Structures are given as structure tokens and as C-alpha cells.
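Each remark here refers to the structure printed beneath this line.
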Amino acid sequence: MVKNIIYVLILAVIGIPSWQIGTVMLEKKKVTYLIQEQANTIKKYDNPDLVKRYLKENLELMGLPTEFSFESLERRKVKIGYTYYGDATIFGYTYYEVEEDIEAITEDGQFDR
């Protein structure tokens, strides 16, 4: 009985926070990849409005805010900026919080004609 209580306490104190922090870190990496991917697709679609719409739809699907900056650098080169915010809370206490500006510029080599 005492052994089970100790297991539950260890899970509550170590397991759940680790899981939440890992989830936030993975989500940030996923958003970074998504923004870079959308910046590269300008070469494929050559339509900034279409790229903006796809990015907004993908952010909505992830349940994240859809505010981002979009700047055309050249005809087929863009810069997308996004502020990612994620936090981990337990019982109303925030013990891990990250706010990071993510910026992606169209890379050379992808979808080049």
C-alpha cells in the first residue's frame, strides 16, 4: 500500500511535469519546422496569399495563435516571423514557460526550378 502511494507521488512529482515539458518542447520544434516549410513553399506556389492561408490553417489545426509576420524579400523569397508561447502548469502553478521568436527565410535548393 505504502509502496503504491510512493509510486503515485513519484509519478505526480517527476513524471507528469517531464511529460508536459517534453510536449511543449516538441510542439515548439514542430512549429519551427512548419514555418520553415511554409517559407520554402513560396517557390512551389509562387503565391504569398496561398502560403499565408496554409500557414494560418495549420496553426489553427494545432490550436495556436495565428498571428505571424510575413515579408517578401524577393520574388520567390520570404521571411516569416512567429512568436511561440508554451507553458506547463500543474494545479494552477506555472513551472515551465517558454516564449521564443521563430523566424524562417526561404532556403536555397528546395523547389528551385
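Plus 1008 on top of the position in the sequence shown (first one is 1) and you've got the working numbering.
Ideal Cβ positions, reconstructed from N, Cα and C, are used throughout, including at glycine.
All values derive from a computational prediction rather than experimental measurement.
Rounded separation between residue i and residue j - CA only
i     : j     : result
G1030 : I1024 : 10 Å
T1049 : V1059 : 7 Å
L1072 : M1009 : 42 Å
Y1041 : Y1104 : 22 Å
N1055 : E1068 : 20 Å
D1057 : W1027 : 37 Å
G1089 : N1066 : 15 Å
Residue span of the beta strand (DSSP E) that contains residue i, given as start and end
i     : result
A1096 : 1085-1098
Residue i - partner residues in DSSP beta bridges
i     : result
I1110 : Y1090
T1049 : Beta-bridge pairing links T1049 to no other residue.
T1040 : In DSSP, T1040 forms no bridge with anything.
T1102 : T1097
S1080 : V1086
Residue i: first and last residue of the uninterrupted alpha helix (DSSP H) it sits in
i     : result
E1065 : 1056-1069
L1019 : L1019 -> no alpha helix (DSSP H), and no H or E assigned at all.
Nearest-angstrom Cβ-Cβ length linking residue i and residue j, presumed shorter than 8 Å
i     : j     : result
A1112 : V1032 : Not really, about 20 Å apart at Cβ, beyond 8 Å.
D1116 : T1091 : Actually they do not touch by this definition, with Cβ atoms about 26 Å apart.
Residue i versus the options, residue with shortest Cα-Cα distance
i     : options                    : result
V1039 : Y1101, T1074, L1081, F1099 : T1074
R1084 : G1094, R1061, T1114        : T1114
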